[in-house]
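Just below is one structure, and these are the notes that go with it.
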Amino acid sequence: MVKTTVSLIKADIGSFPGHSRIHPQLLEKAQKMLSEAEGKVLTDSFVTHCGDDLELLMTHTKGVDSPEIHKLAWTVFTECAALAKKMKLYGAGQDILSDAFSGNVKGMGPGVAEMEFEERGSDPLLCFMADKTEPGAWNFYLYKVFADPFNTSGLVIDPGMHEGFIFEVHDVVEKRRIMFRTPEESYSLLVYIGAPSRYVVKHVFRKDGLIAASTSTQRLSLIAGKYVGKDDPVMMIRAQSGLPAVGEVIEPFATPIIVAGWMRGSHHGPFMPVGLCDANCTRFDGPPRVICLGFQVANGKLIGPVDMFDDVAFDRVRSRCNELADILRAHGPFEPHRLSLSEMEYTTLPGVEKELKHRWEKIPE
Ligand code: 13P
Ligand code: 13P
Ligand code: MG
Ligand code: MG
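In the numbering used here, the protein residues as written are 2 to 366.
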């Protein structure tokens with residue numbers, strides 16, 4: 002049976018005004034380019050944005066890390082960046098960190114989440130896209146969805162997932178990875194993923210090997226060696242029939258949590274789930290936002306999307322996020338609104354410190 006590959010690849014290639022949202026002309030151009038590739042390299046495609054990040058969702062049969070698919074995404078990003086430059090949009094070409102494409106967009110700026118799978122009788126797929134945060138932001142949600150029976154009752158009452166799941170965790174600083182089996186190693190898993198600036202869940206598998214989730218893990222500051230913008234990650238989760246139900250996958254987003262990446266990539270803020278109509282970063286360039294588009298995958302075709310957070314059931318979490326935003330904003334330049342010193346090393350702070358270094362003198366004993 003032919004396997005289907007879903008590739009969700011994103012980049013910030015310029016926005017307006019400032020870092021708030023993608024310009025409609027760029028969305029149009031990107032969708033046109035992908036539509037032209039359908040029936041050739043692609044089976045289907047869907048283009049959208051979360052804030053100032055351009056999101057390319059593509060289905061095909063070429064497997065993960067396909068040079069052809071990555072090249073297509075790279076061409077869309079570079080051509081859209083050229084248009085953004087012409088329009089003098091803000092941060093045009095922001096996430097294009099290299100001029101030379103060499104077969105894979107990983108390590109070049111764009112974020113990538115991919116999954117190859119044999120389609121089940123019915124295959125619901127949830128695509129999450131975020132702005133003003135880092136890849137580790139997904140850790141909390143992936144744990145809740147795949148390892149917390151108080152969120153996912155299917156872990157208890159569905160024999161198909163009673164055995165639990167396997168989490169593949171990446172250390173983005175030392176570039177190493179480790180697998181944790183849940184529920185038996187849940188506490189060990191939490192030791193690492195509770196520190197989301199460094200440890201990031203890359204994939205989740207069912208114990209029989211079936212792929213259930215995939216995320217983007219690129220850290221722009223680690224690639225560029227300096228602050229160039231926030232990572233703004235993506236995540237895909239398959240649902241139902243021996244996997245968490247669609248409702249179990251989106252349920253943890255009904256609780257507000259605080260993530261890193263707001264204003265200048267240097268502040269903590271509430272992670273607000275919004276419908277596409279609100280996927281624009283405004284207040285203090287945020288607050289950090291997440292959208293979720295739901296599809297059914299049918300022979301590689303994407304049936305959808307359904308705008309999952311465009312729903313009154315998520316009004317309450319949005320209102321709580323606004324309250325948290327007020328509380329954090331009241332701190333101004335103070336921690337814990339501002340990131341901790343060690344994390345600020347990856348923002349624009351080293352530049353300020355350089356100016357002041359020579360003025361420090363030793364305190365006499
Ligand atoms: P339906 O009976 O509507 O298919 O729902 C089943 C289910 O598991 C919902 O969580
Ligand atoms: P982006 O990473 O979304 O471009 O945001 C950068 C920023 O500094 C916003 O304040
Ligand atoms: Mg930007
Ligand atoms: Mg962004």
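Glycine included, each C-beta is placed from N, C-alpha and C at the ideal position.
Given the structure is predicted, the values throughout are model-derived calculations rather than measurements.
Contact test: residue i Cβ vs ligand 2 heavy atom, cutoff 6 Å
i, result
"D286", "yes"
"M264", "yes"
Residue interval of the alpha helix (DSSP H) (run including residue i)
i, result
"V247", "247-251"
"R319", "316-330"
"A82", "68-87"
"V353", "350-357"
"E346", "Here E346 belongs to no alpha helix (DSSP H), and DSSP marks it neither H nor E."
"V174", "From DSSP, V174 is part of no alpha helix (DSSP H); its letter is neither H nor E."
"M34", "25-38"
"L90", "That residue, L90, is in no alpha helix (DSSP H); it is neither H nor E in DSSP."
"V113", "From DSSP, V113 is part of no alpha helix (DSSP H) but of the beta strand (DSSP E) over 112-118."
"L221", "221-225"
"S187", "187-194"
Distance cut-off 6 Å: residue i Cβ against heavy atoms of ligand 1
i, result
"A246", "yes"
Any non-hydrogen atom of ligand 3 within 6 Å of residue i CB
i, result
"G1", "No information on residue 1 is available, as it lies outside the stretch 2 to 366 that the chain covers here."
"S16", "yes"
"Q241", "no"
"Q219", "no"
"Q95", "yes"
Host beta strand (DSSP E) of residue i (start-end)
i, result
"F206", "200-207"
"Q297", "290-299"
"A148", "Run containing A148: none in the beta strand (DSSP E); it sits in the alpha helix (DSSP H), 138-148."
"A131", "124-132"
"G270", "268-271"
"A214", "212-216"
"L1", "Past the boundaries of the shown model lies residue 1; the chain is included only from 2 to 366, so the question cannot be answered."
"L9", "5-12"
"L156", "It is not in any beta strand (DSSP E) - L156 instead sits in the alpha helix (DSSP H) that spans 155-158."
"M236", "235-239"
Same chain only: Cβ atoms within 8 Å of residue i, ignoring 5 sequence neighbours per side
i, result
"V307", "L294, G295, F296"
"T76", "M34"
"K72", "F102, G104"
"Q26", "L84, M88"
Contact check, residue i vs residue j, beta carbons under 7 Å
i, j, result
"P245", "V146", "yes"
"I179", "V170", "yes"
"V369", "D124", "Residue 369 cannot be examined here, being either before or after the span of the chain that is shown, 2 to 366."
"S8", "E115", "yes"
"K133", "G287", "yes"
"G301", "T5", "yes"
"G276", "F310", "yes"
"I292", "M130", "yes"
"S267", "P136", "no"
"D54", "R22", "no"
"G64", "E119", "no"
"A213", "V205", "yes"
"T44", "H24", "no"
"G243", "M162", "yes"
"F166", "F181", "no"
"A225", "L303", "no"
"T183", "A138", "no"
"R1", "L143", "In the structure as shown, the chain starts at 2 and stops at 366, and residue 1 therefore has no counterpart that could be examined."
"T348", "Y228", "yes"
"M96", "D159", "A quick correction: the sequence has Asp, not Met, at residue 96. Result no, Cβ atoms of D96 and D159 do not sit closer than 7 Å."
"D232", "Q219", "yes"
"E164", "K208", "yes"
"C128", "M59", "no"
"L221", "G230", "yes"
Cβ shell of residue i (< 7 Å), same chain only, five flanking positions each side left out
i, result
"I258", "F141, F272"
"E252", "N152"
"V106", "I10, H71, A74, W75, V113"
"C322", "P257, P271, M273, P288"
"L90", "G15, S16, F17, H24"
"A261", "T134, E135, S198, H269, L340, E344"
"A82", "I14, G15, A93, G94, I97"
"E39", "D45, S46"
Chain-order list of residues whose beta-carbon lies under 6 Å from that of residue i (same chain, five-residue window excluded)
i, result
"Y193", "V170, Y200"
Practice problem: Report all residues for which the CB-ligand distance to some heavy atom of ligand 4 is below 7 Å; order them along the chain. | Solution: D13, H20, G52, D53, D54, D132, K133, G230, K231, D233
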